[in-house]
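Under our numbering, the first residue of the sequence shown carries the number 33, and numbering increases by one thereafter.
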Amino acid sequence: MARFHTWLEQLAPRVLPQSPLGKAIYYALGQWSKLTVFLTDGNVPIDNNRCGNAIRPFVIGRKGWLFANTVNGAKASANLYSLVETCKANGVEPHAYLSMLFQRLPTLTTVEHFEALLPWQLNADHAASDPPVDSNHAVI
């Protein structure tokens with residue numbers, strides 16, 4: 033990365049800043065600290081391919097989805113897509129999770145009950161069955 037940075041700095045004065053190559057070089061140099069953060073934190077992925085792959089089906093299909101023709105429809109879609117992808121990221125099968133969630137939602141009464149059903153709180157087996165409840169039908 034150090035050699036790449038040096039190369040960019042040497043090349044920058046030799047290209048037109050508004051040319052496609054110039055824009056790319058100046059953008060890279062201007063974003064250098066963000067571009068190299070993965071070198072200092074092992075938790076930061078080198079790319080965002082996982083995120084891109086997760087949203088690709090929705091980007092490809094969005095023109096065909098007529099139910100999102102309002103702001104509220106778009107917000108509902110975004111919430112549902114986020115929930116499904118969060119399930120996948122946490123090893124929870126989305127259909128089983130949503131089935132369980134829609135059955136349990138009417139019985140939930142506190143923030144803690146809702147939080148207990150978030151996908152990262154469950155494992156794949158748990159999402160396929162009802163979560164544990166107390167005698168008042170509240171999620172434990």
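A virtual CB, placed ideally from N, CA and C, is assigned to each residue, including glycine. As the structure is a computational prediction, the values presented were derived from the model and not from experiment.
query: Distance, Cα to Cα, P126 vs Y59?; result: 39 Å
query: Are there 16 or more other CB atoms within 10 angstroms of the CB of R9, so buried, or fewer, so exposed?; result: What the structure shows of the chain is the stretch from 33 to 172, and residue 9 is not part of that stretch, so it cannot be assessed.
query: Short check: CB of T29 to CB of P151, under 8 Å?; result: There is no way to answer for residue 29, as the model of the chain reaches only from 33 to 172.
query: Determine the contact status of L71 and M33, defining contact as a CB-CB distance below 8 Å.; result: yes
query: Can you tell me whether V124 is buried or exposed? The criterion is at least 16 other CB atoms within 10 Å of its CB, across all chains shown.; result: buried
query: For L48 and I57, which I take to be in contact (beta-carbon distance under 8 Å), what is that distance rounded to the nearest angstrom?; result: Rounded, the Cβ-Cβ distance is 10 Å, inconsistent with contact.
query: In the DSSP assignment, find the alpha helix (DSSP H) that holds M132 and state where it starts and stops.; result: P126 to R136
query: Can you grab the Cα-Cα spacing for the pair W64 / T141, in whole Å?; result: 47 Å
query: Mind checking V116: buried by the 16 CB within 10 Å criterion, or exposed?; result: buried
query: Thinking just about the alpha-carbon of each residue, which of S131, V69, Y113 and P52 is nearest to the one in I78?; result: V69
query: Please check the pair L133 and L149, which I expect to be a contact at CB under 8 Å, by giving their CB distance rounded to whole angstroms.; result: 6 Å
query: I think Q153 touches E147, with their Cβ atoms under 8 Å apart; what is that distance to the nearest whole Å?; result: 7 Å
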